[in-house]
Amino acid sequence: VVCMNSLTVNLHLMMATFYRPTKSRFKILMEEPAFPSDTYAVKSQIAHHGFHPNESLLLARPEEGEFTVRSEEIEDMLEKHGDEIALVLFAGVNFFTGQLFDIAKITAAAQQRGCLVGIDLAHAIGNVPLSLHDWNVDFAVWCSYKYLNSGPGAVAGAFVHERHATNRELPRFAGWWGNDPATRFRMHLQPDFVPVLAADAWAISNPPILSMAPLRSSFAIFDEAGGMKPLRKRSQKLTGYLQFLLDQLGSESFTVITPRAPRERGCQLSVLAHERPQELFANLEAANVKCDFREPNVIRAAPTPLYNTFHEVWRFAQILSGHR
88 VVCMNSLTVN LHLMMATFYR PTKSRFKILM EEPAFPSDTY AVKSQIAHHG
138 FHPNESLLLA RPEEGEFTVR SEEIEDMLEK HGDEIALVLF AGVNFFTGQL
188 FDIAKITAAA QQRGCLVGID LAHAIGNVPL SLHDWNVDFA VWCSYKYLNS
238 GPGAVAGAFV HERHATNREL PRFAGWWGND PATRFRMHLQ PDFVPVLAAD
288 AWAISNPPIL SMAPLRSSFA IFDEAGGMKP LRKRSQKLTG YLQFLLDQLG
338 SESFTVITPR APRERGCQLS VLAHERPQEL FANLEAANVK CDFREPNVIR
388 AAPTPLYNTF HEVWRFAQIL SGHR
């Protein structure tokens, strides 16, 4: 694991290594909707390699009338196109619907067909337990200003599986901070780049230590809370309580588009408002309820176990109940 840059910059750095298309295997599989910045990066990488995004980007889509992607759809895409897919790039938790994907299952199915696997953990890290090494994920990237609580523009991170991190022959964009520390400061006396045998080999420049201070403070709070296991347990209770309260409101005014099964979601519930969604969001803001709005009519609410309470969840539901 290495802390560096921002999520999209790290995605480009990872794709410089892990997206190596050939004439027969050049496609990338993502979920729909994928986070726009990921899509921009992927399309630009495809074009950079001389391919056309319309022909090279595959999307696993929800069934008609549904909001989340069925595992069968992902399996079907891999079965049909696996021999053409160079990279499978999925979110751990989808930014729009809050769907938690079975990363281990997707990784195993993709690698069985010869595909490499990358995961965008922007909405998963600090939200759900992760075992990237055990799941055999090739690489992952994330930001730290959501559940890691480090503020907008905070230093992001990347994971590279050990089997790749210890392979000095892999192509990559190199910079002096990724060089082996034993020779890093010999500079002109030893000008050949020798990657350190870790994810740090993908670092380009030295880390911004002042910008990393919030990360250290945030990690200390996670440690104080006992790590992800107890936080996940409390999270499921908080979000389950929110689901229960929303169920009481009925489906005439709102539809929760996040999966109901706790194992298929993190903190977030995405609430589709059928009437006057922007007015509802303004009412929430006026009541100091911090969630966000996604066009055209979805409000994302994420009761977070580190600091949210059951009473706050109840207050949120009460505001929604008055919007009918």
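For the working numbering, count along the sequence shown from 1 and bump the result up by 87. The beta-carbon is built from N, C-alpha and C at its ideal position, and this holds for glycine as well.
Sub-8 Å separation of residue i and residue j beta-carbons
i: P216; j: R112; result: no
i: A252; j: A288; result: yes
i: R402; j: V385; result: no
i: L302; j: S237; result: yes
i: D189; j: S218; result: no
i: V242; j: C90; result: yes
i: V400; j: L336; result: no
i: H139; j: P108; result: no
i: A128; j: L98; result: yes
i: V88; j: A286; result: yes
i: A147; j: E166; result: no
i: W222; j: A191; result: yes
i: T391; j: Y232; result: no
i: L100; j: F260; result: yes
i: N266; j: V281; result: yes
Proximity winner among the options, relative to residue i (alpha-carbon distances)
i: E249; options: D225, R350, E160, P239; result: D225
i: C378; options: A348, S298, F183, G313; result: F183
i: D207; options: R200, D221, Q198, L187; result: L187
i: G201; options: N395, E171, Q405, S408; result: E171
i: F412; options: F122, P120, I133, S124; result: Given a span of 88 to 411 for the chain in the structure shown, any question on residue 412 remains unanswerable.
i: G353; options: N370, Y328, A389, E382; result: A389
i: D163; options: I193, S322, E311; result: I193
i: E142; options: E150, K130, F272, F331; result: K130
i: P349; options: W229, A312, S322; result: S322
i: L144; options: P120, E166, K114, D125; result: K114
i: P383; options: L371, A373, L367, P295; result: L367
i: P268; options: E256, P258, S292, E311; result: S292
i: M102; options: A121, L203, D310; result: L203
i: L393; options: E362, P364, D310, G327; result: D310
i: N92; options: H168, P295, R273; result: P295
i: F122; options: K110, L100, T95; result: T95
i: A227; options: H361, H410, E351, D125; result: D125
i: P364; options: G313, A374, A373, R381; result: R381
i: H398; options: L329, G262, H361, F154; result: L329
i: G262; options: A312, R271, E150; result: R271
i: G185; options: I308, G169, R347; result: R347
i: E362; options: N395, S408, T396, E351; result: S408
i: G240; options: M299, R255, N254, A369; result: M299
i: H410; options: T396, G313, A369, N254; result: A369
i: T396; options: G327, E351, E153, G169; result: G327
i: G169; options: Q198, G313, F306; result: Q198
Whole-angstrom C-beta distance between residue j and residue i, which should lie under 8 Å
i: A290; j: W264; result: 4 Å
i: L371; j: I406; result: 6 Å
i: L456; j: A404; result: Past the boundaries of the shown model lies residue 456; the chain is included only from 88 to 411, so the question cannot be answered.
Any non-hydrogen atom of the ligand MN within 7 Å of residue i CB
i: A121; result: The ligand content of the structure shown is nil, which means the ligand MN is not present either.
Stretch pair the region 176–185 + the region 209–223: three plus CB contacts closer than 8 Å: yes
contact_flag[the region 274–282, the region 333–343] where n(CB pairs < 8 Å) is 3 or more: no
Ordered list of beta strand (DSSP E) runs contained in the region 308–355, each at least 3 residues: 341–343
Any alpha helix (DSSP H) of 4 or more consecutive residues that is wholly inside the region 104–182: 123–135, 140–143, 158–168
Segments of 3+ residues assigned as beta strand (DSSP E) that fall wholly inside the region 183–216: 203–207
Residue ranges of each beta strand (DSSP E) within the region 201–288, 3 or longer: 203–207, 226–229, 244–247
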